[in-house]
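Visitor: Residue numbers 21 to 486, in this note's numbering, belong to the letters of the sequence shown in order.
Think of the CB as a built atom: it goes at the ideal place given N, C-alpha and C, for glycine as much as any other residue.
Values in this document were obtained by computation on a predicted structure and should not be read as measured data.
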Amino acid sequence: MTCAARWKLKPVPGRLSTSGARACTALPSRDNAVTQKNLLLDEGPAYVPLADRLRPKSLAEVVGQDHVLGDGGFITRCVRAGKPASIVLWGPPGCGKTTLARLYAQAFGARFIQLSAVFSGVKDLRAAVEEAAAHRSQQATVLFVDEIHRFNKAQQDAFLPYVEDGTVILVGATTENPSFELNNALLSRVQVLTLKELTVSALDTLLARAEAVMGPMPVTEDGRAALVGMANGDGRYLLGLVEAVYHIAPEEQLSADDLNKLLSQKSALYDRAGEGHYNLISALHKSVRGSDPDASLYWFCRMLEGGEDPLFIARRLIRMASEDIGLADPQALPQCIAARDAYHTLGSPEGELMLAQAVIYLALAPKSNATYTAYKAARKAAEQSGEMNPPKVILNAPTKLMKSEGYGDGYQYDHDTPHAFSGQNYFPDGMRRPRFYQPVERGFERDMGKRVQYFDKLRKELNKSK
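1) Just the Cα atoms here: how many angstroms apart are P198 and V108?
2) Output the distance between the C-alpha atoms of G443 and Q404, rounded to the nearest integer angstrom.
3) Taking the alpha carbon of S140 as the point to measure from, which residue in R131, F128 and N172 has its own alpha carbon closest?
4) Quick check for students: name the residue ranges of the beta strand (DSSP E) that lie wholly in the stretch 132-175, counting only runs of 3 or more.
5) Taking DSSP as the reference, what is the three-state secondary structure of T119?
6) Checking 7 Å against the spacing of the C-beta atoms, do L218 and G255 come in under that value?
7) Whose C-beta lies closer than 7 Å to the C-beta of S485 among residues of the same chain, with five residues either side of it excluded?
8) Determine whether the beta carbon atoms of S342 and R462 lie at a separation below 7 Å.
9) Could you give the distance in angstroms between the alpha-carbon of E81 and the alpha-carbon of Q175?
10) Mind checking whether V308 and M340 have CB atoms under 7 Å apart?
11) Whole-angstrom Cβ separation of V191 and F164, contact assumed at under 8 Å?
12) Quick one: complete alpha helix (DSSP H) runs, 4+ long, within the stretch 334-389?
13) How many angstroms separate the CA atom of A264 from the CA atom of L353?
14) With which residues is Q211 paired in a DSSP beta bridge?
15) Enumerated in chain order, which unbroken segments of the alpha helix (DSSP H) with a length of 4 residues or greater are wholly contained in the stretch 397-465?
16) Let me check one thing: in DSSP terms, what residues is G192 bridge-paired to?
17) Would you call the stretch 201-219 and the stretch 92-110 in contact, with 3 or more CB pairs under 8 Å?
18) Sort Y427, S157, D224 and A232 by Cα distance to V241 and report the nearest one.
19) At a cut of 8 Å, does the stretch 86-99 reach the stretch 71-78 through at least three beta carbon pairs?
20) What is the DSSP secondary structure of N58, reduced to helix, strand or coil?
21) Counting along the chain, where does the alpha helix (DSSP H) carrying K498 start and finish?
22) Between which two residues does the alpha helix (DSSP H) holding S14 run?
23) Taking the alpha-carbon of A269 as reference, which of P411, G243, D436 and S208 has the nearest alpha-carbon?
24) For D312, which residues from the same chain have a beta carbon less than 8 Å from its beta carbon, with the 5 sequence-adjacent residues on both sides left out?
25) Within 7 Å (strictly less), CB to CB, does V142 reach chain D?
26) Name the two residues that bound the continuous alpha helix (DSSP H) containing S199.
27) Can you tell me which of the three DSSP states V68 falls into?
28) Put V220 into one of helix, strand or coil per three-state DSSP.
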């Protein structure tokens, strides 16, 4: 008997079967003649991974993703109505995107064509569309595009007419945020479904399914929990670990410590060019802004562990020093620049300590966004009044003609006045004096606020006397 033995997966309670009827809850069955050995080594001509052997055969057998597959879920509603929609499945690796795409097509009795955006181009897309068009009168076609985010704008645009006229039902899969990676024209024609990493409960269900086929796992109770933890929400990775355990220790009882020595934990999802990158830098920035040094250090280290370029972090720290601290602590900016320069000198890992020091400094520094908001307000005013000229009184007059036109006429050299302050108007004539910079009552900006008030008062007094 080959690995394709007669056994069934237990449907998830409350799920629809492919036919739309309520799923049964019978226990899985397996042929007693199926042994651990022939499942692992496979008597057939080709080895088939455990994850593929345990692949669900219907939507009712899919583990997890209750928000789209349970009662009231989008896919459930589509199946019940018999009306397939074009969708994009967005979620982390190992959450079941490819399997769900196949079963989605199966639920509607549709043909299934699979492309990979890594290896396919417009030529492959054209061939798939021609095939779908040839069978359109007899059967609908689901066109599944794995890693759809890797298609460029022109390639994404190529889908549009065939999605619109119903030649294909598009199902895309991506680990990247579609709002960043897919163009608006395509997004407006599909429903984005967010898939989640598998919960501990869902991963336990996968372990039970593996044991129903392979026999009891050679691990202790804490070893079982360790396997689930190592998977980090990735069902495919978990089944790979399980298969490895059956290979390396079929007669032993491995503990959590044994497994930690033998197996590798799945790294946390982090893409230096994708959403994980932006999520973690956002978490670091907001932790610094929130004056939480411990959370700030945690996210800083998470980025380093994920392989982020420390100089990218250094550049963002410099920005934070001005955007969220500014003149409330003028030393914040030089601290960050010094940390960046120190990292340039030392490199990793020693130089990372200086960046950590800057992270702590920023988190504990008094906060003010007065500089940032003043800059934004000034930019807006400049954009709206870009046609207004400076007052002639503050312009130089390098030629006789310009002098005769009144350039520089009446200008007061501030250092020749009491308090080194003339109180002249430096804004365009006819423009009402705005207030951009409004310092806060924190840190060094308390002193800056006093200076603003001092010059405001002096300006009023001088203008009254004119």
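Guide: According to the data block:
1) When rounded, the distance between both Cα atoms is 8 Å.
2) 25 Å
3) N172
4) Listed in chain order, they are 161-166.
5) Three-state result, T119: helix.
6) yes
7) none
8) no
9) 34 Å
10) yes
11) 5 Å
12) Fully enclosed alpha helix (DSSP H) runs of 4 or longer: 352-366 and 370-384.
13) One alpha carbon belongs to A264, the other to L353, and they sit about 51 Å apart.
14) I107
15) Complete alpha helix (DSSP H) runs here, min 4: 420-424.
16) As a beta-bridge residue in DSSP terms, G192 pairs with V108 and V165.
17) yes
18) The sequence given here places Glu at residue 241; Val does not occur at that position. Out of Y427, S157, D224 and A232, D224 has the C-alpha closest to the C-alpha of E241.
19) no
20) At N58, the pLDDT of 40 sits below 50, so the modelled position is not reliable; the number obtained from the coordinates is stated separately. In the structure shown, N58 sits in a helix (DSSP, three-state: H, G or I).
21) Outside the displayed span of the chain (21 to 486) sits residue 498, for which this structure offers no information.
22) Residue coverage of the chain in this structure runs from 21 to 486, which leaves residue 14 outside it and unanswerable.
23) G243
24) A383
25) The chain inventory of the structure shown lacks chain D, comprising one protein chain alone.
26) P198 to E201
27) coil
28) Under the three-state reduction of DSSP output, V220 falls in the helix class.
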